[in-house]
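Chemist: This is the structure I want to talk about, given as structure tokens.
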Amino acid sequence: MNDVQTRPLLSVDLEHWCDEHNVPGYRAGQIRRWVYERRANSFAEMNDLPQALRTQLEAEFTLFTSTIVRHQVSTDRTEKLLLKLEDGETVECVLMRETGRRTVCISTQVGCGMGCIFCASGLMGVKRNLTTAEILEQVLRLDRVMKDNERIANIVVMGMGEPLANLQALMPALRTLTMLVTEPGGGMGLSPRRITVSTVGLPDRMRELADSDFGCNLAVSLHAPNDELRSRIVPVNKGTGIAAILGAADDYFQKTGRRVSYEYVLLAGINDEPEHARELAKLLRGHQAHVNVIPMNAVSPLDLSGSSQERTNSFVHELQACGINVTVRKRKGADIDAACGQLRLSESEHVMLDAAPT
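Heads up, the sequence shown is in the numbering used here, so the first residue is 795 and it goes up one at a time.
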């Protein structure tokens, strides 16, 4: 890592910096191309820049402020990184491979404050929001573990943290990723339709996202068909309620034209009965909705288990019989601490064990 006085390159307005330092403006686009397209890992690799400029960049900026402390590769070729940030905190990000498509999943906070009972991310609470540069860096780190002929096709903001609780840092990162590298502040040129933001359901922030005119996909972590059960699974629901969330989701669809998907993690004996499916179908009837049923990934400290394949099939059948669009998310990376936040939790446990007196 560079000298502590350096700044993260990803947080800098390169056009403004070039203007201040009498560097031709087109150099900003060249630098961005190395960062977002050509997968440079150092300023020294940027060989179409003058040596003096590379030296100046090296002196003032850090290309990557995080370090990879764990890198796991699944048998299904899913890859998961645990990144240590400058302040010592850690976050996770994931690369998922499917035929003809590469999707990355990124985090927005260190930990999570939503308290969902099945999620490892919230077991130690929320520590802080990530910066825009820290959000972007996860994408770039994952981009660099791919092969030369692979490219990111989709981004899902479904990692650690509640994305809508950190909109002020998330939105600049997403706008960078959707702009062309040749545009001021641009990056990968992805379509907003290739980006999905997941939320536990914060109505005011959902409307704020809609009003941004960004037009990405929105996923709501629902997990229950009624407020009593949802408040047990997702404690923050006590201060919100499903009706308010559905209302904000409908507003999002009206404003953006993007159908909202509802995520539903199946928990054995808790929310996976046929009557839960029928109640969910009744709840969503009349809404532009798609249900994404998610098999639960095991989290060792939690006394919960996912539904059986038979119960999952029955739940899906009940929804389809009621006319609800539904898919079952494929389980990815099941052999590499797949659950969100589990790798960070595992690393923290190792640290505490190492630090314990003998």
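Using N, Cα and C, we set each Cβ at its ideal position, and we do this for glycine too.
Compute the minimum distance between the beta carbon of Tyr1058 and the heavy atoms of the ligand ZN, and state whether it is under 7 Å.
Modeler: This structure lacks the ligand ZN; in fact it carries no ligand of any kind.
Chemist: Is the beta carbon of Asn923 sitting closer than 8 Å to the one on Asn960?
Modeler: Against a cut-off of 8 Å, the Cβ pair of Asn960 and Asn923 comes out as a contact.
Chemist: Reducing DSSP to helix, strand and coil, say where Ser1055 ends up.
Modeler: Strand at Ser1055.
Chemist: Short of 8 Å in beta carbon distance, which residues of its chain neighbour Asn1119, apart from the five on each side in sequence? Order them along the chain.
Modeler: Same-chain partners within the cutoff: Ala1083, His1084 and Val1085.
Chemist: For the stretch 962–1025, which segments carrying the beta strand (DSSP E) assignment without a break, of at least 3 residues, lie completely within its bounds, in sequence order?
Modeler: Segments of the beta strand (DSSP E) lying fully in the stretch 962–1025: 989–993 and 1011–1015.
Chemist: Can you give me the Cβ contacts of Leu1074 inside the same chain, cut-off strictly under 6 Å, excluding the 5 residues immediately before and after it?
Modeler: Excluding positions up to five away in sequence, the list reads Pro1019.
Chemist: Note down the Cα distance separating Gly979 from Thr897, rounded to an integer number of angstroms.
Modeler: Their Cα atoms are separated by approximately 23 Å.
Chemist: Please classify Asp881 as buried or exposed, where buried requires at least 16 neighbouring CB atoms within 10 angstroms.
Modeler: With fewer than 16 Cβ atoms within 10 Å of its Cβ, Asp881 is classed as exposed.
Chemist: From the DSSP secondary-structure annotation, give me the bridge partner or partners of Val951.
Modeler: Val951 pairs with Val991.
Chemist: Does any CB atom of chain D fall closer than 8 Å to the CB of Asp942?
Modeler: Going by chain labels, chain D is absent from the structure shown, which holds only one protein chain.
Chemist: Between Met965, Arg1072, Val933 and Leu843, which lies nearest to Trp828 when the distance is taken from Cα to Cα?
Modeler: Ranking the options by Cα distance to Trp828, first place goes to Leu843.
Chemist: Between Pro1068, Gly894 and Arg1125, which has its C-alpha nearest Gln1114's C-alpha?
Modeler: Cα-wise, what sits closest to Gln1114 is Pro1068.
Chemist: Check each candidate in Ile1039, Val863, Val1087 and Gln824 and name the one with the smallest Cα separation from His1081.
Modeler: Nearest of Ile1039, Val863, Val1087 and Gln824 to His1081, Cα basis: Ile1039.
Chemist: What number of angstroms, rounded off, separates the C-alpha of Leu917 from the C-alpha of Arg895?
Modeler: Roughly 32 Å separates the two Cα atoms.
Chemist: Throw me the rounded Cβ distance for the Ser915 and Met954 pair, which I believe falls under 8 Å.
Modeler: Contact holds; Cβ gap of about 4 Å.
Chemist: Using only CA atoms, which one of Phe858, Asp1045, Thr1106 and Val888 lies nearest to Ala1071?
Modeler: Of the listed residues, the one whose Cα sits closest to Ala1071 is Thr1106.
Chemist: What are the boundary residues of the alpha helix (DSSP H) that includes His1070?
Modeler: Start and end: Pro1068 to Leu1078.
Chemist: Which residue comes first and which comes last in the beta strand (DSSP E) that contains Lys1049?
Modeler: Looking at the DSSP string, Lys1049 is not in any beta strand (DSSP E); the run it does join, the alpha helix (DSSP H), is Ile1036 to Thr1050.
Chemist: Check whether the stretch 898–905 touches the stretch 930–948, counting contact only when three or more Cβ pairs, one atom from each stretch, lie closer than 8 Å.
Modeler: The stretch 898–905 is in contact with the stretch 930–948.
Chemist: Just confirm the distance between the C-beta atoms of Leu964 and Arg999, as a whole number of angstroms; I'd bet it's less than 8 Å.
Modeler: Their Cβ separation, rounded to whole angstroms, is 10 Å, which puts Leu964 and Arg999 out of contact at 8 Å.
Chemist: Alpha carbon to alpha carbon, how far is Leu1078 from Cys1116? Give it in angstroms, no decimals.
Modeler: When rounded, the distance between both Cα atoms is 10 Å.
Chemist: Put Phe837 into one of helix, strand or coil per three-state DSSP.
Modeler: Correct three-state label for Phe837: helix.
Chemist: In the DSSP assignment, find the unbroken alpha helix (DSSP H) run with Ile929 in it and report its ends.
Modeler: Here the alpha helix (DSSP H) through Ile929 covers Thr926 to Asp937.
Chemist: Under 6 Å Cβ to Cβ from Glu883, same chain only, skipping five residues before and after it: list those, please.
Modeler: So the list reads Val904 and Lys921, once near-sequence residues are dropped.
Chemist: The beta strand (DSSP E) spanning Asn923 covers which residue range?
Modeler: Unbroken beta strand (DSSP E) run through Asn923: Val920 to Asn923.
Chemist: I need the DSSP call for Pro802, collapsed to helix, strand or coil.
Modeler: Looking at Pro802 - three-state DSSP - the assignment turns out to be strand.
Chemist: Straight-line CA distance for Gly823 to Arg1052?
Modeler: Straight-line Cα distance between these residues: approximately 32 Å.
Chemist: Does the count of Cβ pairs from the stretch 863–878 and the stretch 800–819 closer than 8 Å reach three?
Modeler: Contact fails: fewer than three Cβ-Cβ distances are below 8 Å.
Chemist: Output the distance between the C-alpha atoms of Ser1015 and Glu1112, rounded to the nearest integer angstrom.
Modeler: The alpha-carbon atoms of Ser1015 and Glu1112 are separated by roughly 20 Å.
Chemist: Taking the beta carbon of Ala1037 as the centre, do at least 16 other beta carbons fall within 10 Å, making it buried, or is it exposed?
Modeler: Ala1037 is exposed by the Cβ-count criterion.
Chemist: On the DSSP letters alone, give me the boundaries of the beta strand (DSSP E) that Ile825 sits inside.
Modeler: It is not in any beta strand (DSSP E) - Ile825 instead sits in the alpha helix (DSSP H) that spans Tyr820 to Tyr830.
Chemist: For Phe855, which residues in the same chain have their Cβ closer than 6 Å to its Cβ, ignoring the five residues on either side in sequence?
Modeler: Contacts found: Thr800, Arg801 and Leu803.
Chemist: Short of 7 Å in beta carbon distance, which residues of its chain neighbour Val1110, apart from the five on each side in sequence? Order them along the chain.
Modeler: The residues are Val1087, Val1120 and Val1122.
Chemist: Less than 8 Å between the beta carbons of Leu889 and Val939, yes or no?
Modeler: Yes, the pair counts as a contact, with Cβ atoms nearer than the cut-off.
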